[in-house]
Amino acid sequence: MSTVIVTDSTCDIPSEIINKLNIYVVPCSVNFGIESYLDGVEIKAEEFYNRLTSSDVFPTTSQPTPNQFLEIYNSIPKESDILSIHVSEKLSGTYNSALQAQKNLSDRNIQVIDSQLASTALGLVVIEAAKQAQEGKSIEEISTLTNNALANSNVFILLDTIEYLKRGGRIGKAQAFVGNLLKLRPILTLNDGAVEGVKKTRSKQAGMNYLQEILQQQTNLVSVAVLYTTNEQEALSVANDVKEITNIDNIVISQCGPAIGAHAGPGAVGIALLNG
95 MSTVIVTDST CDIPSEIINK LNIYVVPCSV NFGIESYLDG VEIKAEEFYN
145 RLTSSDVFPT TSQPTPNQFL EIYNSIPKES DILSIHVSEK LSGTYNSALQ
195 AQKNLSDRNI QVIDSQLAST ALGLVVIEAA KQAQEGKSIE EISTLTNNAL
245 ANSNVFILLD TIEYLKRGGR IGKAQAFVGN LLKLRPILTL NDGAVEGVKK
295 TRSKQAGMNY LQEILQQQTN LVSVAVLYTT NEQEALSVAN DVKEITNIDN
345 IVISQCGPAI GAHAGPGAVG IALLNG
């Protein structure tokens, strides 16, 4: 029996990869006041960041509803198993919405996984799972490999401002870390599914240098993604660093969608790493 991979729009996987690997993406919602948009469907990244930097209304995000998951699950042929891999439960209610939908489809073989990740760290794992699905592996095999990959994947993101993270309310364990940073630029990661501070840097370049140090510490990299919100040139520069330091050429370069960008803010750049 074939397996279909489902994820959510926090994965920040480029659309060409989503289409190539037949990944189903359930969109989160982005809200500007009373106006609500489906992430990546009704509002694209470019329009979102234009509004983010020009509007007086601060955006919020919300998880997909169980009905949205039901619609996606029901659109998948009944002869297929479904592996649904989602953003950390500590950052979003998306995982719980997927579980509720799963319970309403007891006649289907649906497995739902809390990745404890977000953005392209989640994306890299989803990509690997989708490749295994295309190779014809069973859902049990893919689930086991996915859980192993999740334990070896993480993201490090350099923020240009902490304003959006603090206002968005998803700051978690990093609250004390970023509490009085003034104009310092933090590098954040995820630990047990929650946001955690790694390093406080005094300039963007110092932060970029620290990302290089993180790359140099890796000994068993399988794949790397570079993520950014608004500055593609910085992302390309980081991608060049990745190639020089790791000798990995097939790098995923991805602009964060609204679901992540609403919290990371403009000017953010980072790396996601998947180790073997």
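First residue of the sequence shown: 95, per the numbering used here; consecutive thereafter.
Think of the CB as a built atom: it goes at the ideal place given N, C-alpha and C, for glycine as much as any other residue.
Review point. How about Ser186 and Ala366: do their beta carbons lie closer than 8 Å?
Key: Not in contact: Ser186 and Ala366 (Cβ atoms no closer than 8 Å).
Check your understanding: Taking the C-alpha atoms as reference points, what is the distance between Gly273 and Ala195?
Key -> Interpretation of Gly273 is limited by its pLDDT of 48, a score under 50 that renders its predicted location unreliable; the figure taken from the coordinates is listed afterwards. Straight through space, the alpha carbons of Ala195 and Gly273 are spaced by roughly 38 Å.
Review point. If Glu222 and Ala243 are in contact, beta carbons under 8 Å, what's the gap, nearest whole angstrom?
Key: With 8 Å as the limit, Glu222 and Ala243 qualify as a contact, their Cβ atoms being about 6 Å apart.
Point to revise | Distance between Gln157 and Asp106 (C-alpha atoms, nearest Å) | key: Roughly 15 Å between the two C-alpha positions.
Check your understanding: If you follow the beta strand (DSSP E) that Ile365 is part of, which residue opens it and which one closes it?
Key -> Taken as a continuous stretch (DSSP letters only), the beta strand (DSSP E) holding Ile365 covers 363-369.
**Study point:** Lys293, buried or exposed, once every other Cβ within 10 Å from all chains shown has been counted against 16
**Key:** Buried is the call here.
Point to revise | Beta-carbon proximity list for Ile112, same chain, < 8 Å, skipping 5 on both sides | key: Excluding residues within five positions, the ones whose Cβ falls inside 8 Å are Val119.
Review point. For Gly351 versus Asp133, is the C-beta distance shorter than 8 Å?
Key: For Gly351 and Asp133, yes; Cβs fall inside 8 Å.
**Study point:** Nearest-angstrom Cα separation, counted from Leu330 out to Ala270
**Key:** Residue placement at Ala270 is flagged as unreliable, the pLDDT there being 46, under the threshold of 50; a coordinate-derived value is accordingly withheld.
Check your understanding: Would the beta-carbon of Pro153 be found less than 7 Å away from any heavy atom of the ligand SAM?
Key -> As far as ligands go, the structure on display features none, and thus does not contain the ligand SAM.
Practice item. State the Cα-Cα distance for the pair Leu199 and Asn161, rounded to the nearest angstrom. Key: So the alpha carbons of these two residues sit roughly 12 Å apart.
Check your understanding: Unbroken beta strand (DSSP E) runs of length 3 or more, entirely within the segment 276-327: which are they?
Key -> Within the segment 276-327, the complete beta strand (DSSP E) runs of at least 3 residues are 279-285, 288-295, 315-322.
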